[in-house]
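Chains as they are written, first to last, in this note's numbering: chain A, 85 to 287; chain B, 719 to 854; chain C, -16 to 354; chain D, 22 to 233; chain E, 10 to 306. Cβ coordinates follow ideal geometry from the N, Cα and C atoms, glycine included. Predicted, not measured: the structure shown is a model, and the values here were computed from it.
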Amino acid sequence: MIELISKLEKLSLELVQKQDYLYKVEVKKEQLESLLLSFLNEFGYITLDSINCRDDLEEGNFVITYCLLTPKRDHVVMVQTSIERENASLPSIHTFWPQAEIMEREMHEMFGVDFPGHPTLIDFALEYWDNIPPLRRDFDTLQYVNDMNPFRGQRDDALDAKVEMKKKREAKKAAKLKAEQEAAAKAELETQNNPSQEVQNEE
Amino acid sequence: MAIDVKGVLSPLSAIGTLFEHPKTITYPAVKKDIPLGYRGFHINNLETCIGCASCEEVCMNDAIDMVHPDIEYNIKNTSGCVPRIDYGRCCWCSLCTDVCPPDSLKLDNICTHADSNPDNFLYMPKNHKSIGEEVS
Amino acid sequence: MKNDLENTIKIFHGPQHPGITGNMSVELDLLGETIKRAQTHVGYLHRGFEKLVERRTVVQAFTIVCRICVPEPDPNEENFARAVENLTGLEISEKAKYIRTMVLEMQRLATMFLWMGGQAGSIGLGLIPQWSVCDRDYMLDLFEELTGGRVYHMYAFPGGVRRDLPEGFLSRLSDLLDYYEKRIIVYNNTFFDNIIFKKRAIGVGIVNADDVIKNAYVGQVMRGCGIKKDVRKDMPYLMYDKLDFDIPVQSDGDVYARALVRRDEMLQSIKILRQIIKQMPSEGDILQKIPKHRKFKLPADDTYVQTESARGAMSYYMAGDGSEKIRRMQVRGPSLVHAYTLLEKLLVDSQLSDVAMTMNSLGICPPEIER
Amino acid sequence: MMESGFHGCDLDDSLKCKLEESGTQNTHSVMEKAAAWFRSRSIFVVAYGTGCGAIEMPPTFTSRYDAERMGVVGVATPRQADLIILSGYLAYKTLRRVIRTYEQMQKPKYIITLGSCPINGGMYWDSYNTIKKLDDYLPVDVSVVGCMPRPEAVIDGFSLLQKRIKNGEKAGWEKYDENLDFYKKNQKRVLGNHVDPSYETDWYNLENGSEV
Amino acid sequence: MIFQIILLIMLAYVVGFIYMGLYRNITARIQGRYGPTVYQTFYDSIKLFSKKNSVSYGWMFYLGPVIMATGAVLTLILVPVFSDSDFLRSVTTQGNLFLLLYLMVLGPLGNALAVGTGGNPFGVMGVVRGLTRLIGLELPFYIAVVGLIIASNSSDIVHIIDLQKTTGLNILVHPFLFIAAMISMVGFFGASPFDIPGAPQEVYSGPRTEFSGKFLALLMSQGSIFAFAKLVLIIDLFLGGADSLWMLVIKTFAIFITIIFIGIVYGRYKVEQAVDFLMKIPTLIGVIGLVRIIWFG
């Protein structure tokens, strides 16, 4: 592990230990392909376990994480890079790792990340999808569902409990005012309005 | 040509099962005991339900509606509402029973229902005190 | 070769087909009965879990993750809980750890029985599915008692487990293990030693050991090629470093080798469960105090966890953003690579009769490929 | 089983109300009654594992719960089947195949759905890729509730279906024939014009053999 | 005569279906469950006849099941059911084993014609598998039958039955021939390990994939009639026929349950493996039996 840290230092990269078996290195997009190649060919991280993508909408970029393993499989190294959200594009690594083909295909469909040189950027799970890629965070799934599918319309008699509480409290207040016992009743109601909402253990 | 005698003969031992008693539970004639902690259909003790809507709030499936019950209820009920559950949504995760402050909402071990009309799956939890107290 | 492809007929093996594992399809180009090209199609079960998880708070999201892989929900729950614990720094008690380990091993046994049914059914041996699914049901009965759910347990919660052990549970589990040990001998006679299974499975679907490491094949595919790797040993989690067990391996890399690995793993699971029964602490918290569900916040950080499921290593990538919602949770199950990279390769030049058998032995579970 | 609790609601949609009419069919002749009895005693099932419910199919059909003792037995192809079990939520991609499978079945044919999801979306109610109310697209005969329904519940569903067949109540396929426009309109609404693979496609003489 | 033929067909229909019901029941018991009632196959058959519509692909598709049923019925009326009485003898004196062997392959051919018009790739694949298997099945069976013809110097079944009364049962006299015929009979019954044409995990229901409703019911009926005919043929050839109804039931059931047991404990061969096996082991056993008859018999 110390060996790897020193090797990465030569490339002016820092390896951070996150958990017992988990390390992370952040890298710029330009360096990514060469770094992955050197992980594969020089450092001995020959297994690509997964490629993960995260949409940081607020910062305007995608964070891509490549998880690599040695043949000993005793720790994971996450190689992380971030790319622009607009016209997102990454070099395809399916020539180094055949399984990257399917992972990149999925990412292309779900996030709209382009992979120049990828042979099969076809549908993965969706069919005839014509909206923005669904796992982007600006895609509102509830809105989409409401546009497409009506729900069962028999639940319209549902009441808003907050409004009902208020109504009842006011009705009670009026009644109490009449009886001139306002103060005592109010104190009692106060305690009931804020029931503790802790997630409880099974006793 | 080596013949795998064991491979030919040992499967025949399965025929012995012919004389064993079948393991089948002949439901509906015989019903298997479902343990009391099973997460089945809901029961609600209307006498202690305070209508706080915690269950509605925690339910990720948007399955719980607060409605006025048609029978008398707890005087201390703050909103005058009790939960009604849409079984076209519920996933029996029992989060609603975990957060229930007065512990009035429970899950029963009754859990089978089939209906020919898909509109018939709004469920008003039964007011079943006796089982409610047994379920811990 | 070109001439071959012109004379092929195209059939879709699935999505509604008795010989397919779940709801997916394999598009086959056949020349006679020989497969010239295979292409996997998934998406029939896509629900967008990763999107749904982003819309829910941590407490709400935990109920949904177990649906990601239907035959074995518990590794998903464990992964989710452990990822949240890693991010928030929650420590769980020893008893909760033992219970979780026990649930994982029980689930492994149950999954193996279901697999055995599928594997035997794929060669037309209708007897074994009838037996093994029934035997799996006895394990589900115990789950019912312990967790309140038959298939979806929703049991492992960030911070521990949701319920304590019922009274006398461990002795009932111990009885069931005795029964299973007897049954495995019976299955050995009727299935693993069955001459037809040997004839059909030996030499079919051979995986190359060099490909295994590079292409990230996991689980029994890897151990069937003689590579002795298991997440439980290499990156021990929960109580696995305190338990004594072996990793069974076979060297042939074919369907039969994978079947034998699975059989031996069942015996190892029984061994682990017996140790857990002995070592289970009687006292201890089962669930840490955690904030209520609107206040349970994840720090802006990311983590990657791995669990050994019954079909291989299953990994979750999870990132928080300082709010009560999960920024991103990505699932990498063992099936993804198996169903695409490996299956498409293995099926070429094999027979139509081998498709169901090969798919079963790879442990392909469609809901986990597409989530 | 369930004595109280569930109650239906009035529907305002006129077309919907027409669908709800379920009365006794004209099974006056002895022959028809006998045929209905035999139909109820022998149900060939094609189990389409559209969702999680596929996991409770093996226990139902194998030795622990043994649906075959009720005359319910699985077959491989939709052509021979009387009943299709849709076990769980349906993705749009699956719905296309399910509609095709259903249309391949020979009348009389029935549908049982398992789980909450086909009733009102279930826990995937906000998912962008699943349908929420199956009865808008296909005529559902019996819905079994649960997530997942236990094998007992599935057997209850079979019993209810058998009872309905025996009594000659109006079955789903008759509704489907009568209100084909309604169903086709709904199917088109969610699936667009891609109700594909088309039933008439000549798979074996396609221009480009590899293109789907 | 006509009355007897109709009675025979009805008997075969009922007995065949009860046997199919028993098959399901015994299988279920070995699998650890109760299984359906014995009459379940009747229910299935009547239900299928009462289906409202059945898909068809033209007149050849109609004809296929009819040809198969014809083959089964002809086989049935040419096999003597009882050895002594003239009852239900019908036309058995008119045929011989050669005609019978010819009729037994009529069914698969009719099937092939009908499935071809259906155009379902799984159906076609199933038929191809079925015909391939048939090559393997016929060889040992023909060897066994030829052996019996040589041994008894006649191709008349009635004569073969009568001869067994003096020389002893053929199962004891010519055990090798019996084993060869029995193994191919497992295949003729479509039991594992030779249930290749209709393997559900591979080709759906194989040849039956496109058949539904009334066609399927006809196929089921012919299947059970044919099964009865084949059982009776085996006991006529090797077990000395039956002189009473009880004898008939006991002997056919013994053969039948052997086939069930073999079918349930073994899985399914691949096509080539099945043909390979049938060409080697049962054929070899049959040839040994034949050689024994020619040289020593």
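Can you list the residues of chain E that D:Q127 reaches, using a CB-CB cut of under 8 Å?
K60, K61, N62, S63, V64, S221, G222
Give every residue of the same chain whose Cβ lies closer than 7 Å to the Cβ of A:N145, excluding the five residues on either side of it in the sequence, and list them in chain order.
S166, I167, E168, R169
For the alpha helix (DSSP H) containing C:P58, list its first residue and its last residue.
57 to 71
Chain-ordered chain B contacts of A:A242 [CB-CB under 7 Å]:
D783, M784, V785
Neighbourhood of C:R183 by C-beta distance below 7 Å, restricted to the same chain and skipping five residues each side
I106, M340
Along chain G, in chain order, which residues have C-beta atoms closer than 8 Å to that of C:K34?
You won't find chain G in this structure, because its protein chains are A, B, C, D and E.
If you follow the beta strand (DSSP E) that C:G295 is part of, which residue opens it and which one closes it?
295 to 303
Other residues of its chain near C:E307: CB distance less than 8 Å, five sequence neighbours each side excluded
T40, V41, H276, R277, K278, F279, K280, L281
Using a Cβ-Cβ cut-off of less than 9 Å, give me the residues of the segment 197 to 213 of chain E that come near chain C, in sequence order.
S201, P202, D204, I205, A208, P209, Q210, E211, V212, Y213
For B:L730, which residues in chain E fall below 8 Å Cβ to Cβ?
F270, V274
Short Cβ contact (8 Å threshold) for C:M95 with C:A293:
yes
Using a C-beta cutoff of 8 Å, does C:I47 count as contacting chain D?
yes
When the Cα atoms are used, what is the spatial distance from E:E211 to C:R83?
39 Å
Classification of B:H739 by the beta-carbon crowding that lies within 10 angstroms, buried from 16 upward
exposed
With a 10 Å radius around its C-beta and 16 neighbouring C-beta atoms as the bar for buried, classify E:W68 as buried or exposed.
exposed
So is C:E127 in contact with chain B if we call contact Cβ pairs under 8 Å?
yes
Name the two residues that bound the continuous alpha helix (DSSP H) containing C:E327.
326 to 330
So with CB distances below 9 Å, who are the chain B contacts of C:D268?
Going along chain B, no residue has its Cβ under 9 Å from C:D268, so there is no contact; the nearest lies around 16 Å.
Give, in chain order, every unbroken run of the beta strand (DSSP E) that is at least 3 residues long and sits entirely within the segment 92 to 116 of chain A.
99 to 103, 106 to 110
If you check the beta carbons only, do D:A88 and E:P209 fall under 8 Å apart?
no
Do three or more CB pairs link the segment 118 to 129 of chain C to the segment 177 to 191 of chain C at distances below 8 Å?
no
Using a Cβ-Cβ distance under 8 Å, would B:C809 count as near chain A?
no
Beta-bridge partners of B:P801, as assigned by DSSP:
B:M784
Give me the residue from C:I347, C:V48, C:L87, C:L256 with the minimum Cα distance to C:R311.
C:V48
Quick check on A:Y212: buried or exposed, where buried means 16 or more other Cβ atoms within 10 Å of its Cβ?
exposed
Give the single residue among A:E248, A:L119, A:P234, A:K94 whose Cα lies nearest to the Cα of B:A771.
A:E248
Would you say the segment 204 to 222 of chain C touches the segment 749 to 762 of chain B, given that touching needs at least three Cβ pairs under 8 Å?
no
Exposed or buried, what is C:V244 when buried is set at 16 or more other beta-carbons lying within 10 Å of its beta-carbon?
buried
When you compare the CB of A:Q265 with every CB in chain B, is at least one pair closer than 8 Å?
no
Measure how close the beta-carbons of C:F63 and C:Y299 come, nearest whole angstrom, since I'm counting them as under 8 Å.
7 Å
Quick one: which chain E residues come within Cβ less than 8 Å of D:S50?
Near D:S50 there are no residues of chain E at all, since even the closest Cβ is about 12 Å away, more than 8 Å.
Applying the criterion that 16 or more other CB atoms from any shown protein chain within 10 Å of the CB defines a buried residue, is C:F45 buried or exposed?
buried
Mind reading off the beta-carbon distance from D:Y149 to A:V197? Whole number of angstroms is fine, and I expect it under 8 Å.
Between A:V197 and D:Y149 the Cβ distance is about 19 Å, and since that is not below 8 Å, they are no contact.
DSSP three-state assignment for E:V195, whether helix, strand or coil:
helix
Quick one: is A:Q227 buried, meaning 16 or more other Cβ sit within 10 Å of its Cβ, or exposed?
exposed
For E:P74, go through chain D and note every residue whose CB falls closer than 9 Å to its CB, in chain order.
Result: empty, since nearest Cβ-Cβ is about 14 Å, beyond 9 Å.
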